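**Student:**
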Amino acid sequence: MKLIIAILFALFFSGTASSQECSISLTGHVEDADTKDKLPGAVVILKETGMQLVTDNKGDFIFKNLCIGEYNLLVSHISCESVVRKIVVSKDLHIDIMMPHARNTLGEVIVEAQKGITNTGFKKELSGKDLEETKGLSLAEALSKINGVTMLQTGSTISKPVIHGLHSSRILTINNGVRQEGQQWGNEHAPEIDPFIADKLIVIKGVDELKYGSDAIAGVILVEPKPLRSTPGYSAEFNTVYFTNNRQYVQSVVWEQQLKNLPAFRYRIQGTFKKGANAATPGYRLNNTGSEEKNFSITAGWKKEKFNTELFYSQFATKLGIFIGSHIGNLTDLQNAIASSRPDEVFLGETTYKIRRPSQEVTHHLVKSKTTLYKGEHKFNVLLAGQFNHRKEFDVVRNSSNTRPQLDLSIYTLSEDISWEHPKRNNFNGVVGLSMMQQDNTYGGRYFIPNYFAYTFGGYFIEKWNKHNWELQAGIRFDNKSINTTRLKFNSDTINYDFNFSTLASSFNAIYKATEKWKLNLNLSLASRAPYVNELLSDGIHHGTATFEKGDITLKPEKSVNISAGINYQNTLKTFHFDLLLYSNSIRDFIYQQPRPENPVLTIAGAFPLIEYQQTDALLSGFDASASVKPLSNFEWESKLSVLYAKNTSINDWLILMPANRLSNEISYSFKEAKKFSDSYVAVEFLHVMRQNNIPDERNGKQDYKVPPGAYHLLNFNASSAVSFGKTKITIGIGIRNLLNTTYRDYLNSMRYFTDEMGRNISIRVKVPFNYVYHYL
Amino acid sequence: MKMKKIALSVLMAGLLITSCKKDKPEEPNEEEVITTMRLTFVPVGAGATVTYQFDDPDGPGGVAPTQDEIVLAPSTTYNVTLQLLNKTETPVEDITLEVLGEKEAHRFYYEPTAGSNITVSGLDNDGNGVPLGVTSVWTTAAAATGKVKVTLRHYAGIPPNKAIGDLVNSAKSSTDIEVDFNSKIQ
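Taken in sequence, the protein lines are chains A and B.
Under this note's numbering, residues 2 to 778 are what the first sequence spells out, in order.
Under this note's numbering, residues 8 to 193 are what the second sequence spells out, in order.
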């Protein structure tokens with residue numbers, strides 16, 4: 002969370018503009034003076050002209066067609082004290098504005114925990130316009146707009162984020178400050194988070210990941226909601242999205258208020274409803290690919306000078322259909338299904354919203370309380386969270402009157418995090434924290450993972466130092482996790498295994514701002530992840546892949562050494578920008594699934610190929626590069642390239658199921674502000690995804706049922722405009738995914754064995770905000 | 008004092024964390040398990056009744072299943088009844104009843120290899136006159152060895168649309184059981 006403070010509009014009057022040459026443009030960039038973070042959403046007012054605009058997601062703004070003269074520029078941002086700058090304009094001008102933190106304005110101390118130390122090593126963020134374009138999509142689909150993040154999918158309804166080739170338990174997802182705990186180990190278990198909660202989606206790699214665990218081998222995803230209201234009043238926002246391909250409609254409403262007579266109390270209520278019918282590929286419509294989602298959250302905050310507390314509750318409930326032609330009885334069926342280039346007609350053509358078996362129903366509840374106390378310049382945080390995740394998977398069953406799930410997993414998680422942030426001294430600031438987590442998992446129905454209790458105790462220490470052009474950060478964390486498992490056998494016997502793992506992590510980060518234009522960043526992170534229960538003890542048939550998965554109780558924690566180096570360049574006019582991130586993640590005892598074709602498991606349904614969890618050494622290296630150019634002030638061209646090489650170094654072979662390299666080019670055109678229309682733009686994206694040729698060699702046994710699909714190119718389109726109706730500014734957007742209705746398959750979608758990807762999908766979104774500020778007389 | 012408050016809240020949180028007790032795990036109701044397929048051969052005329060089975064009492068995985076060889080007398084006709092069991096339940100569950108309850112959505116196929124000298128015919132029908140195959144008639148010829156594959160196909164569609172001409176690999180149905188027995192006529 003960020004700083005919050007009431008914005009005071011101090012108004013200054015001065016100067017008169019003389020009009021001779023009125024074609025000057027004034028560009029500017031707004032940053033947080035302390036954290037050097039770009040500040041999107043800052044309000045910039047040119048007093049004399051009455052012109053007002055909001056900084057974009059890079060913290061930039063531009064005023065055009067100004068006359069020569071003297072102006073007062075007023076800049077305000079929710080996290081900062083307002084700034085007034087007197088400027089003399091005689092030719093095109095660029096100014097940088099450093100916004101000071103509004104620590105003590107209005108005699109109120111900032112409360113919400115501002116992450117203590119805001120700088121992070123490597124940080125990629127999705128907010129503002131880019132986030133807006135993803136409204137109605139899943140969390141992973143939204144995140145995949147970030148360079149270096151891809152998706153692991155099961156059809157069109159289930160998607161999980163992949164960072165630099167790694168996913169599931171190697172990524173920590175932090176939902177509103179709480180480490181999300183569900184059954185995140187499964188490839189077809191999507192994160193149980195409503196993206197409408199988020200104001201920002203952030204991916205970080207660096208010392209700050211130590212606050213959440215020692216196991217962030219791939220990185221951390223932060224789902225950050227907007228801070229609660231900071232001015233007495235109320236506001237509401239309605240979001241509606243409709244997608245043509247699967248006739249999916251999305252409704253999201255948020256209402257928030259800060260009371261007039263009790264400004265310390267603020268609250269927000271938010272809800273989302275989503276429902277989609279069967280999705281269509283360019284050639285056919287897939288039966289049973291509908292989805293439904295009902296989410297709800299409520300936040301209440303109490304803020305005083307030295308004390309701040311927040312209570313949050315959220316509920317996520319989803320029901321997902323799985324393409325019926327992919328549910329496989331045995332290996333023969335699977336081979337038959339894979340061999341045909343098009344699914345059988347019996348699985349195609351229905352246009353219904355109805356969801357039948359096979360399907361998933363998942364609910365996730367989160368209750369969180371966060372309290373911050375200030376003692377002088379010391380700051381103490383106590384975060385308590387309870388989570389309940391219930392996952393039910395419904396297979397195709399023999400008995401049609403059976404309404405029960407075949408896989409039924411419930412996991413309760415209680416966690417506590419306590420931290421102390423010491424005052425800034427000699428350019429040092431830092432945080433020490435302790436965390437505890439306990440989990441209780443139970444299963445019903447078919448065995449896949451056992452019942453277990455898990456206890457994790459951890460502690461961390463992070464220090465950050467910055468002076469002049471340098472920022473140095475270092476941190477260390479230790480965790481101990483014990484797991485007591487119980488599996489019930491049919492004859493009432495139990496099989497018990499107990500495990501205990503200690504994991505150590507540390508991180509060092511150096512940032513050097515060579516000049517205003519150049520920034521260099523180097524990070525070294527050691528992370529270590531204890532094996533998950535599924536890796537240790539899974540034992541059963543996986544229907545999606547017709548394999549028999551078997552865990553290994555002798556697995557050790559995997560340890561990674563990640564080195565990242567970043568170079569950042571931006572010219573003074575902000576018309577050119579270049580960003581390069583090189584990474585190398587060397588993982589010892591990398592846990593993966595090894596097919597054992599020579600050793601099939603015989604069952605009454607035939608022989609299933611065996612897949613065993615085992616460990617090897619792996620090296621994942623690659624780079625993410627992006628560049629943007631603004632040849633004209635209205636035009637922007639942005640290019641993103643993401644390349645990954647993932648090797649199993651023990652046997653000098655490639656790792657399976659790694660995202661293919663991709664290149665995206667986007668050209669956007671922003672329209673001039675017109676009377677009723679503002680923030681108008683159109684953008685076209687060309688996405689080129691290469692074929693994954695780096696796959697494991699068959700000499701180590703048969704690893705896959707089908708060779709990776711070919712390269713594909715997609716054309717996507719986006720347009721948006723804010724239309725003023727009186728005081729209300731309604732934003733209307735249109736998005737077209739796969740404009741040319743291209744037929745393709747993606748290597749990281751398990752449905753690639755059976756079906757093509759979704760065809761053209763046009764979405765129309767409307768956002769209606771209301772805001773009312775109480776007036777004091 | 009603020010410090011006391013901090014200490015208090017930390018303590019309370021600690022209590023919350025540790026006050027969760029360990030409770031006894033409940034018996035999971037594992038479903039859809041078929042552990043055993045039993046074929047009972049009653050010879051027409053003289054001869055003893057014989058029973059052969061595929062048996063995996065702990066379900067998929069764990070201890071490997073056992074599978075009998077089907078040994079039949081030459082030039083004999085057998086009335087064969089198939090039975091499915093779930094031995095992971097106590098008492099043992101008869102899954103055949105479930106299949107008979109939804110005849111229109113199930114179908115057994117019997118495929119003797121060429122040269123096994125076995126022919127399978129006379130399958131019982133469902134309510135629509137489409138073969139079901141819980142009972143069948145096996146006829147043997149001269150001494151030979153071979154294989155007989157027994158497959159249970161399940162029609163998940165609503166309605167199932169099961170038809171006489173459906174092949175064993177019809178896309179309308181999926182496999183619940185597939186067992187390849189060795190056969191010997193002696």
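Every residue, glycine too, gets a C-beta built ideally from N, C-alpha and C.
Predicted model only: the values in this text are computed from it and were never measured.
Would you mind working out which of A/Y448, A/P558, A/P451, A/A626 sits nearest A/Y570, comparing C-alpha positions?
**Tutor:** A/A626
**Student:** Output needed for A/T28: all residues of its chain with C-beta closer than 6 Å, excluding positions within five of it in sequence on either side, in chain order.
**Tutor:** I63, H95
**Student:** For A/V345, which three-state DSSP category applies?
**Tutor:** For the record, residue 345 of chain A in the displayed sequence is Asp; it is not Val. In this structure, A/D345 counts as coil in the three-state DSSP scheme.
**Student:** Leaving out five residues on either side along the sequence, give the residues of the same chain with a beta carbon under 8 Å from the beta carbon of B/A163.
**Tutor:** A112, S180, S181
**Student:** Does the separation of the CB atoms of A/H391 and A/H365 fall below 9 Å?
**Tutor:** yes
**Student:** For the stretch 67-78 of chain B, which residues have a beta carbon sitting closer than 9 Å to at least one beta carbon of chain A?
**Tutor:** P67, G68, G69, A71, P72, Q74
**Student:** Does the stretch 697-706 of chain A come close enough to the stretch 714-727 of chain A that 3 or more CB-CB pairs lie under 8 Å?
**Tutor:** No contact exists between the stretch 714-727 of chain A and the stretch 697-706 of chain A.
**Student:** Helix, strand or coil: how does DSSP classify A/E639 here?
**Tutor:** A/E639 falls in the strand class under three-state DSSP.
**Student:** When the Cα atoms are used, what is the spatial distance from B/K169 to B/E118?
**Tutor:** 19 Å
**Student:** If you measure between the beta carbons of A/G445 and A/I356, is that distance less than 9 Å?
**Tutor:** no
**Student:** Using the beta-carbon of each residue, which ones in chain A are nearer than 7 Å to B/I184?
**Tutor:** I605, A606
**Student:** Between A/V110 and chain B, is any beta-carbon pair separated by less than 9 Å?
**Tutor:** Since pLDDT at A/V110 reaches only 27, below the 50 mark, its modelled position is unreliable, and the value read off the structure follows with that caveat. With its beta carbon at least 9 Å from every one in chain B, A/V110 lies outside the interface.
**Student:** Out of B/V70, B/V49, B/V137, B/W145, which has the shortest C-alpha to C-alpha gap to B/I125?
**Tutor:** B/W145
**Student:** Quick one: Cα of B/I184 to Cα of B/R160, how far?
**Tutor:** B/I184 and B/R160 have their alpha carbons spaced roughly 7 Å apart.
**Student:** Rounded to whole angstroms, what's the CA-CA distance from B/E225 to A/N400? Just pull it up for me.
**Tutor:** Any answer about residue 225 of chain B is impossible in this case: the structure gives chain B only from 8 up to 193.
**Student:** Please look up how many angstroms separate the CB atoms of A/M659 and A/G166, rounded, as I've assumed it's under 8 Å.
**Tutor:** 5 Å
**Student:** Look at the alpha carbon of A/S253 and the alpha carbon of A/I175, and state the distance between them as a whole number of angstroms.
**Tutor:** 22 Å
**Student:** What's the gap between the Cα of A/G459 and the Cα of A/S436?
**Tutor:** A straight-line Cα-Cα distance of about 5 Å links A/G459 and A/S436.
**Student:** Tell me the start and end of each unbroken beta strand (DSSP E) in the stretch 264-308 of chain A that is at least 3 residues and wholly inside, in chain order.
**Tutor:** 266-277, 292-304
**Student:** When DSSP builds the beta bridges, which residues end up paired with A/N176?
**Tutor:** A/V179, A/V224
**Student:** Who does A/E84 pair with in a DSSP beta bridge?
**Tutor:** The amino acid at residue 84 of chain A is misidentified as Glu; the sequence shows Val. A/V76, per the DSSP bridge assignment.
**Student:** To the nearest angstrom, how far is it from the Cα of A/D757 to the Cα of A/G607?
**Tutor:** Going by C-alpha positions, A/D757 is about 28 Å away from A/G607.
**Student:** Can you grab the Cα-Cα spacing for the pair A/F687 / A/G541, in whole Å?
**Tutor:** 42 Å
**Student:** With a Cβ-Cβ cutoff of 9 Å, do A/F479 and A/Y461 count as a contact?
**Tutor:** Against a cut-off of 9 Å, the Cβ pair of A/Y461 and A/F479 comes out as a contact.
**Student:** List, in order along the chain, the chain B residues whose C-beta lies closer than 9 Å to that of A/V347?
**Tutor:** G164, N168, S177, A178, K179
**Student:** Is the CB of B/F115 under 9 Å away from at least one CB in chain A?
**Tutor:** no
**Student:** Could you name the residues of chain B that A/I542 contacts, counting a contact when the two beta carbons are closer than 9 Å?
**Tutor:** P67, G68
**Student:** With 9 Å set as the bound, which would you pick, yes or no: does the beta-carbon of A/V255 sit closer than that to a beta-carbon of chain B?
**Tutor:** no
**Student:** Just the Cα atoms here: how many angstroms apart are B/S26 and A/T372?
**Tutor:** The predicted position of B/S26 is uncertain, since its pLDDT is 44 and thus under 50; a value taken from the coordinates is nonetheless stated next. For B/S26 and A/T372, the distance between alpha carbons rounds to 21 Å.
**Student:** Which same chain residues, not among the five before or five after A/L385, have their C-beta less than 6 Å away from its C-beta?
**Tutor:** S370, E417
**Student:** Counting beta carbon pairs with one atom in the stretch 318-327 of chain A and one in the stretch 149-162 of chain A, are three or more of them shorter than 8 Å?
**Tutor:** yes
**Student:** Is A/M152 buried or exposed, if buried means 16 or more other CB atoms sit within 10 Å of its CB?
**Tutor:** Buried is the label assigned to A/M152, since at least 16 other Cβ atoms lie within 10 Å of its Cβ.
**Student:** How about A/N666 and A/P283: do their beta carbons lie closer than 9 Å?
**Tutor:** Cβ atoms of A/N666 and A/P283: not closer than 9 Å.
**Student:** Check the C-beta distance from A/N762 over to A/N739 and give it rounded, since I have them as a contact under 8 Å.
**Tutor:** 6 Å
**Student:** At which residue ranges does the stretch 678-703 of chain A contain complete beta strand (DSSP E) runs of 3 or more residues, listed in the order of the chain?
**Tutor:** 678-690
**Student:** At a CB-CB cut-off below 8 Å, which residues of chain D make contact with A/F549?
**Tutor:** The structure shown contains no chain D; its protein chains are A and B.
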